[in-house]
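Structure, as structure tokens:
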Amino acid sequence: MALPSLTPEERSAALQRAAQARAVRAGVKADLKAGRTTISQVIELGRTDPAVAKLRVSALLEAMPGVGRVRAQALLDKYGIAASRRIRGLGPNQAAALVERFG
1424 MALPSLTPEE RSAALQRAAQ ARAVRAGVKA DLKAGRTTIS QVIELGRTDP
1474 AVAKLRVSAL LEAMPGVGRV RAQALLDKYG IAASRRIRGL GPNQAAALVE
1524 RFG
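For the sequence shown, the working numbering begins at 1424 and goes up steadily by one.
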């Protein structure tokens, strides 16, 4: 499937939206790492904010203090969450398991 051709203005606007979404996701991860927010708050925010909804669960877990790639992958396996799953795609049992694990 061919990509639609965009005018320079449309391309610029799309690049700005993408940069804003990346900044939002980076801010959420920084807040988690600093302890200013919790996983339950991020999951709730993901229900309303499309930028947060597209954050990978693995990146969310890796942003938690004391959780690196290996521990994040172990948690994903334990709770039956695919490595490519995003916050928007979490099932209610998966979200509840993560909230219960991290409080």
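Using N, Cα and C, we set each Cβ at its ideal position, and we do this for glycine too.
The structure presented is a predicted model; accordingly, all values stated were derived computationally and were not measured.
Looking at the structure shown, is residue 1459 part of a helix, part of a strand, or coil, going by DSSP?
For the purposes of this step, residue 1459 is taken as residue 36 along the sequence shown, with counting starting at 1. When secondary structure is reduced to three states using DSSP, residue 1459 falls in the coil class, being assigned neither helix nor strand.
What are the boundary residues of the alpha helix (DSSP H) that includes residue 1492?
For this step, residue 1492 is matched to residue 69 along the sequence shown. Looking at the DSSP string, the run of the alpha helix (DSSP H) that includes residue 1492 is 1492-1502.
Quick check on the DSSP output: the alpha helix (DSSP H) that includes residue 1427 runs from which residue to which?
Taking the sequence shown and counting its residues from 1, the one referred to as residue 1427 is at position 4. From DSSP, residue 1427 is part of no alpha helix (DSSP H); its letter is neither H nor E.
- prompt: Would the segment 1497-1514 and the segment 1447-1455 be scored as touching if the rule is three or more Cβ pairs under 8 Å?
  reply: no
Worksheet item: Taking the C-alpha atoms as reference points, what is the distance between residue 1434 and residue 1469?
Response: Within the sequence shown, residue 1434 is the residue found at index 11, counting from 1. Within the sequence shown, residue 1469 is the residue found at index 46, counting from 1. Distance from the CA atom of residue 1434 to the CA atom of residue 1469, rounded to whole angstroms, is 26 Å.
Where the alpha helix (DSSP H) through residue 1488 begins and ends = Here the question's residue 1488 lines up with position 65 in the sequence shown. It is not in any alpha helix (DSSP H) - residue 1488 carries neither H nor E in the DSSP assignment.
Discussion item. With H, G and I counted as helix, E and B as strand and the rest as coil, what does DSSP make of residue 1549?
Written reply: Only positions 1424 to 1526 of the chain appear in this structure, which leaves residue 1549 out of reach.
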